[in-house]
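Visitor: So for the sequence shown, the numbering used here puts the first residue at 7; every next one is plus one. Glycine is no exception: its CB is placed at the ideal position from the N, C-alpha and C atoms. Given the structure is predicted, the values throughout are model-derived calculations rather than measurements.
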Amino acid sequence: MNKQLLFVLPVATLTTLACSSKETVYQVVPAPDAGTTPADDDDDTPKVECTAARESHLGPVAATSTGEVKVLSNEDGVTKIFVDATAGGINNAKKNPRVYIKLDGTKVDITDQESFTSSDWDLALKRVDIYTNGGDAGPGEGGGRLVNKDFGAVTAADGAGVRPEVFFTGDCERNIDEASFIVTTFSGWYNYAESNNIPSAKPGTSFVVKSADGTLHKVGIISNTANPDGTTNNPVTAYYLLQVSKL
7 MNKQLLFVLP
17 VATLTTLACS
27 SKETVYQVVP
37 APDAGTTPAD
47 DDDDTPKVEC
57 TAARESHLGP
67 VAATSTGEVK
77 VLSNEDGVTK
87 IFVDATAGGI
97 NNAKKNPRVY
107 IKLDGTKVDI
117 TDQESFTSSD
127 WDLALKRVDI
137 YTNGGDAGPG
147 EGGGRLVNKD
157 FGAVTAADGA
167 GVRPEVFFTG
177 DCERNIDEAS
187 FIVTTFSGWY
197 NYAESNNIPS
207 AKPGTSFVVK
217 SADGTLHKVG
227 IISNTANPDG
237 TTNNPVTAYY
247 LLQVSKL
């Protein structure tokens, strides 16, 4: 089952991982403010040390994505990008890799394994999971923060609190939500309709994102049922229409 994430708190432990005997499970609770990121501390750039756990948690595939990435427009500093992150559909997703892109809309042809040591990509997308190139995800300076604002209202001031990806605790316990999905800086981007099992982009939700080189951007998810021509009536999900602008 997919899920809706706003803010998360650890509540239980589950099964064995390669790097630890426990994993951290998160449940959804309403967020009191604009972000889903944890509070700042003295070291906001976690180092990847849970290599074995990362292999198990992310399930890297030794292939490059065949998903299409296409820049649809670039007007007034806003780039609209179509991204096929279907990964072969829900039943074949484990056998297919993530699609990696730069925030200018360029597709980066690397394998999941190569992404762990590459600073050439900014966002990784697969089904409902989206994350940045920083922290536990890769060697870049990337990070993100959910902001409860429409895309046009987001400013550089909203960049306070941008955090790198934190997939694990200090004991290599993995951070997952109540549906066992990975918790990322993009968690909370969608609503989930149990009536038809379809996630949809949450209105009034945007993200402040650092690219792998540390440049600040804002990212909006217009739709996850997009077509390559920019229309948004695709019956299949995980076809994204993104809008991106530098801050």
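1. Within the same chain, show all residues whose beta-carbon is closer than 8 Å to that of I96, passing over the 5 residues directly before and after it, in chain order.
2. Hey, would you say G210 sits closer than 9 Å to D164, going by beta carbons?
3. How long is the line joining the alpha carbons of I161 and T190, rounded to whole angstroms?
4. So, with DSSP's three-state summary, where would you put S217?
5. For S71, does the three-state DSSP call read helix, strand or coil?
6. Less than 7 Å between C-beta atoms, sequence neighbours within five positions excluded: which residues of the same chain meet that for I227?
7. Would you decide whether T51 is buried or exposed? Buried here means 16 or more other CB atoms lie within 10 Å of its CB.
8. Mapping DSSP to helix, strand and coil, what is R60?
9. Could you give the residue range of the alpha helix (DSSP H) that holds S251?
10. Quick check: what's the CA-CA separation for V214 versus N181?
11. DSSP state of D115, grouped into three classes?
12. What do you reckon, are the CB atoms on R169 and G150 nearer than 9 Å?
13. With a threshold of 16 other CB atoms inside 10 Å of the CB of K108, please say whether the residue is buried or exposed.
14. Check each candidate in T123, N154, D135 and name the one with the smallest Cα separation from G141.
15. May I ask which residues mark the beginning and end of the beta strand (DSSP E) holding G150?
16. In the DSSP assignment, the beta strand (DSSP E) including K100 goes from what residue to what residue?
17. If you draw a straight line from the C-alpha of V114 to the C-alpha of V89, how long is it?
18. Once you ignore the five residues that flank V77 on each side, which residues in its own chain have a CB closer than 7 Å to its CB?
19. Going by C-alpha to C-alpha distance, which of D128, S71, P241 sits closest to V250?
20. Please report the distance separating the alpha-carbon of T72 from that of T221.
21. Based on the DSSP secondary-structure assignment, which residues constitute the bridge partners of A199?
22. Please determine, among N202, C56, E200, V75, the residue with the shortest C-alpha to C-alpha distance to G236.
23. Exposed or buried, which one is T231 when buried takes at least 16 other CB atoms within 10 Å?
24. Taking the CB atoms as reference points, tell me whether G144 and K216 lie closer together than 9 Å.
Guide: Straight from the coordinates:
1. Cβ neighbours of I96 beyond the five flanking positions: R133.
2. No Cβ-Cβ contact shorter than 9 Å links G210 with D164.
3. Reading off the sequence, residue 161 comes out as Thr, not Ile. Going by the C-alpha atoms only, they are around 22 Å apart.
4. coil
5. The three-state reading of DSSP puts S71 in coil, since its state is none of H, G, I, E or B.
6. W195, A207, Y246, L248
7. Unreliable placement is indicated for T51, whose pLDDT of 47 sits below 50; the coordinate value is still reported in the next sentence. Looking at its Cβ environment, which holds fewer than 16 other Cβ atoms inside 10 Å, T51 is exposed.
8. helix
9. No alpha helix (DSSP H) contains S251, which is instead part of the beta strand (DSSP E) from 245 to 252.
10. The straight-line gap from Cα to Cα measures roughly 21 Å.
11. coil
12. Taking 9 Å as the Cβ cut-off, R169 and G150 qualify as a contacting pair.
13. buried
14. T123
15. 149 to 153
16. No beta strand (DSSP E) holds K100; DSSP gives it neither H nor E.
17. A direct Cα-Cα distance of roughly 12 Å separates V114 from V89.
18. T85, I87, G111
19. D128
20. 27 Å
21. I204
22. V75
23. buried
24. no
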